[in-house]
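Colleague: First to last, the protein sequences are chains U and D.
Mapping to this note's numbering: the first sequence position 48 is 118, numbers consecutive.
Mapping to this note's numbering: the second sequence position 59 is 129, numbers consecutive.
Virtual Cβ for every residue (Gly too), placed ideally from N, Cα, C.
Model, not experiment: these values are computed from the prediction.
Pasting a structure here, questions to come.
Number of protein chains: 2
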Amino acid sequence: MMMAQESIRVLVVEDHHVVRQGLVALLNVVDGIEVVGEAADGVEAITQFRKHQPHVTLIDLRMPRLSGVDVIQRIRMETPQARFIVLTTYDGDEDIYRALQAGARAYLLKGMTTDELIATIRAVHAGKSHIPPAVAQRLAERMGTEELTPREFDVLEQIVRGKSNKEIATELEISEATVKTHINSLLGKLGVTDRTQATTAAIQRGIVPLESLRKPKP
Amino acid sequence: MMMAQESIRVLVVEDHHVVRQGLVALLNVVDGIEVVGEAADGVEAITQFRKHQPHVTLIDLRMPRLSGVDVIQRIRMETPQARFIVLTTYDGDEDIYRALQAGARAYLLKGMTTDELIATIRAVHAGKSHIPPAVAQRLAERMGTEELTPREFDVLEQIVRGKSNKEIATELEISEATVKTHINSLLGKLGVTDRTQATTAAIQRGIVPLESLRKPKP
DNA sequence: AAGCTTCTCCACCGAACGATGGAGGCCAGG
DNA sequence: CCTGGCCTCCATCGTTCGGTGGAGAAGCTT
């Protein structure tokens, strides 16, 4: 079988077996694209990247062991020209922001069509960026948003866990007055007026991931 | 190519292109399983079911036009012996409960392995049910839980949207006193002590889906 | 050294919230 | 018919929250 010039070498990083196999199956029948490796978690991703030096890496953000954002950061330290396309199920994800900052070139929802996927891979390989208008808008909004300080983040996390100010004070070993100060500040930064709105905002934007709420935190 | 006896006829209903194609690709190479149809939303699912009368239907719960639960209910009205395997990304989903009540026989996370998938299809086709221990436990917990009344649900939804009691009263055209009554009641049923905890509980259990929070509601 | 941010804490206030114990009307199921 | 669930409303009470305007200490940058 003839190869058209040089194929685009692609690495697929995705922990959901079915999705990963679907991607590989789809891409391998496309002319000019070659899947050179697969990984099911972050650590594996780095190993595979070093081994295969792909042109483009399709990568899920939520993964075991090492998150997508971490993977992008680490790989770009040693290989700055590496190109990443971020895959996500949900589009309200705070991590997208970090991923794009970390150097991802494009962003795709898993509900994309095959054509979109292929077009994006080609575009990114050609050096372009590709961010859907909806995401671009969210990004712009996020840019204008002040970032929470570490302590404010701690307090927000406790709020989402349903703790009262007094409980938060105990948990963080600070006075209730200080808790209120942080809350006042973070409410402003999130653009909301009370702790309930802060909670939905935090979850919607992925600032506090839902999964983190199960473990009581040791 | 020889077929082993009769193949299990499978319908795949899933709106994410990549996932759907992945499933189809995986299943079609398995001996004894034949994908007879695909659907990308609920309405299509019903059409395809009528046309192909599959033995087993793999179905995602979150879909455009008609939800997975609705599809299961409608199809079982006309074809009670129809067998369903529910697919979901997230395992804290309230809909699983309804889906199993509606007659689904099994439940799989999208992170499953190929072997699990195939084994489950065979088991369900053979008339067995297949529910992972973790889900069974959650189900049991849910069973003991009192259900919210329609009105309590309305109030909860407004709470999650960040509305104050006064705003909820206006929105639902009832007095603030009544809002408080409902809140008191729903807090008890959810097993929480304040509106913030109610919010995370509602989102975690999927009682109020995150997607529903964007649209202001007409 | 001066300036910045962050974290810590204080006092005070009004508004919102949650808990409690009632009460009347409506409608479906026994 | 009448019991039970649901929805509606009332008053009261103590607690929690959020807003405001401070202030000192530590750390980083310039």
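What does Val205(U) reach in chain D if we use C-beta pairs closer than 9 Å?
Modeller: When 9 Å is used as the limit between beta carbons, Val205(U) is near no residue of chain D, the shortest such separation being about 15 Å.
Colleague: Once DSSP output is grouped into helix, strand and coil, what is the label at Ile166(U)?
Modeller: helix
Colleague: With the cut-off set at 8 Å, would you say Ala176(D) and Leu131(D) are in Cβ contact?
Modeller: no
Colleague: Taking only the alpha-carbon atoms, compute the straight-line gap between Val80(U) and Asn98(U) and give it to the nearest angstrom.
Modeller: 10 Å
Colleague: Can you give me the Cβ contacts of Met133(D) inside the same chain, cut-off strictly under 6 Å, excluding the 5 residues immediately before and after it?
Modeller: A distance below 6 Å between beta-carbons, with the five flanking residues on each side excluded, links Met133(D) to the following residues of its chain, in chain order: Asp85, Asp111 and Gly112.
Colleague: Quick check on DSSP: helix, strand or coil for Gly138(U)?
Modeller: helix
Colleague: Excluding five sequence neighbours on each side, which residues of the same chain lie with their C-beta closer than 6 Å to the C-beta of Leu226(D)?
Modeller: The residues are Leu256 and Ala272.
Colleague: Can you tell me whether Gly92(D) is buried or exposed, with buried defined as 16 or more other CB within 10 angstroms of its CB?
Modeller: buried
Colleague: Can you tell me where the alpha helix (DSSP H) holding Ala193(D) begins and where it ends?
Modeller: It spans Thr184 to His195 - the alpha helix (DSSP H) in which Ala193(D) sits, taken as one unbroken run.
Colleague: Would you please verify whether the beta carbon of Lys236(D) is less than 8 Å from any beta carbon of chain U?
Modeller: Answer no: the Cβ-Cβ gap between Lys236(D) and chain U never drops below 8 Å.
Colleague: Pick from Met147(U), Ile78(U), Gln171(U) and Asp101(U): whose alpha carbon is nearest that of Leu128(U)?
Modeller: Ile78(U)
Colleague: Using 10 angstroms around the beta-carbon of Lys180(D), count the other beta-carbons present and answer buried if the total reaches 16, otherwise exposed.
Modeller: buried
Colleague: Less than 6 Å between C-beta atoms, sequence neighbours within five positions excluded: which residues of the same chain meet that for Pro124(U)?
Modeller: Arg79, Val80, Leu81 and Val106
Colleague: Please list the terminal residues of the continuous alpha helix (DSSP H) segment that includes Ala239(D).
Modeller: Asn235 to Leu242
Colleague: State yes or no: is the C-beta of His87(D) within less than 8 Å of the C-beta of Thr184(U)?
Modeller: yes
Colleague: Could you pull the start and end residues of the beta strand (DSSP E) that Leu128(D) belongs to?
Modeller: For Leu128(D), the enclosing beta strand (DSSP E) starts and ends at Val126 to Asp130.
Colleague: Less than 8 Å between CB atoms is the rule here; does Ala189(U) satisfy it with respect to chain D?
Modeller: no
Colleague: Please list, in chain order, the residues of the segment 269-280 of chain D that have any C-beta partner in chain U closer than 7 Å.
Modeller: Thr269, Thr270, Ile273, Gln274 and Leu280
Colleague: Please list, in chain order, all residues of the same chain as His122(U) whose beta carbon is under 8 Å from its beta carbon, the five residues on each side excluded.
Modeller: Arg79, Leu81, Val106 and Gly107
Colleague: Once DSSP output is grouped into helix, strand and coil, what is the label at Ala109(D)?
Modeller: Note: Ala109(D) maps to strand in three-state DSSP.
Colleague: Suppose you measure from the CA of Lys259(U) to the CA of Ile103(U); what does that come to, to the nearest Å?
Modeller: Taking the straight line from one Cα to the other gives about 44 Å.
Colleague: By the DSSP assignment, the alpha helix (DSSP H) with Thr270(U) in it spans what residues?
Modeller: Arg265 to Gln274
Colleague: Using the C-alpha atoms, what's the distance from Leu218(D) back to Ile244(D)?
Modeller: 18 Å
Colleague: Are the C-beta of Met133(U) and some C-beta of chain D separated by less than 8 Å?
Modeller: Residue contact with chain D for Met133(U): absent (no Cβ-Cβ distance below 8 Å to any residue of chain D).
Colleague: Output needed for Lys287(U): all residues of its chain with C-beta closer than 8 Å, excluding positions within five of it in sequence on either side, in chain order.
Modeller: At Lys287(U) the pLDDT is 44, less than 50, meaning the model places this residue with poor confidence and gives no usable figure here.
Colleague: Using three-state DSSP, classify Val99(U) as helix, strand or coil.
Modeller: In the structure shown, Val99(U) sits in coil (DSSP, three-state: anything other than H, G, I, E or B).
Colleague: Note the first and the last residue of the continuous alpha helix (DSSP H) segment covering Ile229(U).
Modeller: Pro220 to Val230
Colleague: Check whether the Cβ atoms of Arg153(D) and Val126(D) lie closer than 8 Å to each other.
Modeller: yes
Colleague: What is the C-beta distance between Asn254(U) and Glu246(U), in whole angstroms, given that I count them as a contact (C-beta under 8 Å)?
Modeller: With a Cβ gap of about 13 Å, Asn254(U) and Glu246(U) do not count as contacting.
Colleague: What does a CB cutoff of less than 8 Å around Ile277(U) pick up in its chain, not counting 5 residues either side in sequence?
Modeller: Hits under 8 Å: Glu164, Leu218, Phe223, Leu226 and Ala271.
Colleague: Taking all protein chains shown into account, do 16 or more other C-beta atoms lie within 10 angstroms of the C-beta of Gln228(U), making it buried, or fewer, making it exposed?
Modeller: Its Cβ being crowded by 16 or more others within 10 Å, Gln228(U) is buried.
Colleague: Assuming Ile155(D) and Ile191(D) make a contact with CB atoms under 8 Å, what is their CB distance in whole Å?
Modeller: About 7 Å separates the two Cβ atoms, so the contact holds.
Colleague: Determine whether the Cβ of Gln267(U) lies closer than 8 Å to any Cβ atom of chain D.
Modeller: Gln267(U) has a beta carbon lying within less than 8 Å of a beta carbon in chain D.
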